[in-house]
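The structure appears below as structure tokens.
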Amino acid sequence: MSDLPMLPMSKMRALRPYFPKTRGLKRVDDRRVLSGIVYVIRHGLQWKDAPSGYGPHKTLYNRFIRWSRLGVFARIFSALTGNAGVPEELMIDSTHLKAHRTAASLLKKGVPARRIGRTRGGLNSKLHAVCDGHGRPVAMLLTEGQMSDHKGAALLLPRLPSARHLVGDRGYDNNCFRRNLTERGIEPCIPSTKSRKVPIPYDKSRCRRRHKVENMFGRLKDWRRIATRYDRCAHTFFSAICLAATVIYWTP
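Right, dumping it as structure tokens:
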């Protein structure tokens with residue numbers, strides 16, 4: 189047990205206020221169980237292969253699934269990002285997350301959707317994300333893999349904080365998106381596509397800092413159950429992404 193990595197107490201103090209209240213019997217040690225959940229997601233293990241020092245693997249699985257359905261991890265991420273204040277600068281991008289054969293089910297009908305689509309690379313999901321000037325994610329959205337960057341950006345727009353600038357690549361060069369940003373008081377810093385007859389000027393030095401959102405995706409994909417999607421349910425997979433982003437960026 190002493191050799192297993194555990195979440196630092198500083199991280200637990202930041203997370204504990206957002207945990208659901210216990211009812212009836214006392215809940216199993218939150219730090220041990222949450223550390224086991226983080227270990228499984230980071231190393232891409234099956235739940236049954238979790239080290240015994242974290243307790244029964246069924247306890248880890250049941251806690252993660254139950255809190256995912258309650259939206260606990262998504263609320264923690266939203267609360268901590270909201271407490272950070274309004275950033276000066278935002279950066280937007282998206283990345284594909286390959287769906288493993290255990291998760292790749294396109295036959296599911298109705299609500300909720302799987303958020304798995306078919307592209308040239310096979311079955312995958314797409315993570316649209318916005319980070320601040322420090323490279324910390326502040327808004328995320330999970331969609332089917334074939335969804336365009338324009339549609340993902342439009343869905344993320346209401347969740348954006350009131351920053352002064354937004355940096356993106358030329359995949360986000362869309363008149364409607366630019367207009368909506370300007371109406372919210374956000375100045376777009378987006379290169380023009382080659383199809384534009386009259387290119388729109390932009391701050392090239394600011395645009396060079398767009399690598400921070402790419403670095404953020406790279407750190408999230410270091411967690412193997414995020415780089416490859418094993419979860420069939422979209423809310424479960426998105427909860428794993430929110431938990432990883434919170435542990436990496438939003439807890440001391």
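In terms of my numbering, the sequence shown opens at residue 189 and continues consecutively.
Virtual Cβ for every residue (Gly too), placed ideally from N, Cα, C.
Where the alpha helix (DSSP H) through residue i begins and ends
i: residue 377; result: From DSSP, residue 377 is part of no alpha helix (DSSP H) but of the beta strand (DSSP E) over 375–377.
i: residue 399; result: 399–409
i: residue 263; result: 260–271
i: residue 394; result: 392–395
i: residue 214; result: Here residue 214 belongs to no alpha helix (DSSP H), and DSSP marks it neither H nor E.
i: residue 192; result: Element bounds for residue 192: n/a, residue is neither H nor E.
i: residue 339; result: 337–344
Residues that DSSP places opposite residue i in a beta bridge
i: residue 197; result: DSSP, once it has assigned bridges, lists no residue as partnering residue 197.
i: residue 422; result: None, per the DSSP bridge assignment.
i: residue 417; result: 287
CA-to-CA distance, residue j to residue i, given in whole angstroms
i: residue 262; j: residue 436; result: 15 Å
i: residue 440; j: residue 434; result: 10 Å
i: residue 427; j: residue 337; result: 22 Å
i: residue 258; j: residue 264; result: 11 Å
i: residue 280; j: residue 213; result: 44 Å
i: residue 366; j: residue 391; result: 15 Å
i: residue 406; j: residue 278; result: 18 Å
i: residue 216; j: residue 248; result: 10 Å
i: residue 189; j: residue 335; result: Bear in mind that a pLDDT of 47 at residue 189, under 50, signals an unreliable position, so the model cannot answer this.
i: residue 381; j: residue 356; result: 12 Å
i: residue 386; j: residue 255; result: 50 Å
i: residue 432; j: residue 330; result: 14 Å
i: residue 361; j: residue 300; result: 31 Å
i: residue 276; j: residue 351; result: 5 Å
i: residue 193; j: residue 383; result: 52 Å
i: residue 246; j: residue 235; result: 8 Å
i: residue 311; j: residue 333; result: 7 Å
i: residue 410; j: residue 364; result: 35 Å
Delimiting residues of the beta strand (DSSP E) encompassing residue i
i: residue 316; result: 310–320
i: residue 280; result: 277–287
i: residue 305; result: 305–307
i: residue 327; result: 325–332
Closest residue to residue i among the options (Cα-Cα distance)
i: residue 243; options: 224, 255, 256 and 254; result: 224
i: residue 322; options: 404, 234 and 205; result: 404
i: residue 420; options: 347, 292 and 394; result: 292
i: residue 374; options: 348, 303, 219 and 209; result: 348
i: residue 401; options: 287, 232, 316 and 413; result: 316
i: residue 199; options: 276, 285, 268 and 344; result: 268
i: residue 208; options: 251, 246 and 409; result: 251
i: residue 320; options: 270, 238, 389 and 413; result: 270
i: residue 415; options: 422, 424, 429 and 423; result: 429
i: residue 423; options: 389, 211 and 260; result: 260
i: residue 340; options: 306, 409 and 314; result: 314
i: residue 377; options: 237, 389 and 368; result: 389
i: residue 227; options: 364, 191 and 205; result: 191
i: residue 354; options: 305, 222, 284 and 398; result: 398
Any C-beta of chain B under 9 Å from that of residue i
i: residue 228; result: No chain B appears in the structure shown, which is made up of a single protein chain.
Practice prompt. Enumerate, from N- to C-terminal direction, the unbroken alpha helix (DSSP H) stretches of 4 or more residues contained entirely within the stretch 220–255.
Written response: Whole alpha helix (DSSP H) segments, 4+ residues: zero.
Worksheet item: Can you list, in chain order, the stretches of the alpha helix (DSSP H) that have 4 or more residues and sit fully within the stretch 349–375?
Response: Here the runs fully enclosed are 363–371.
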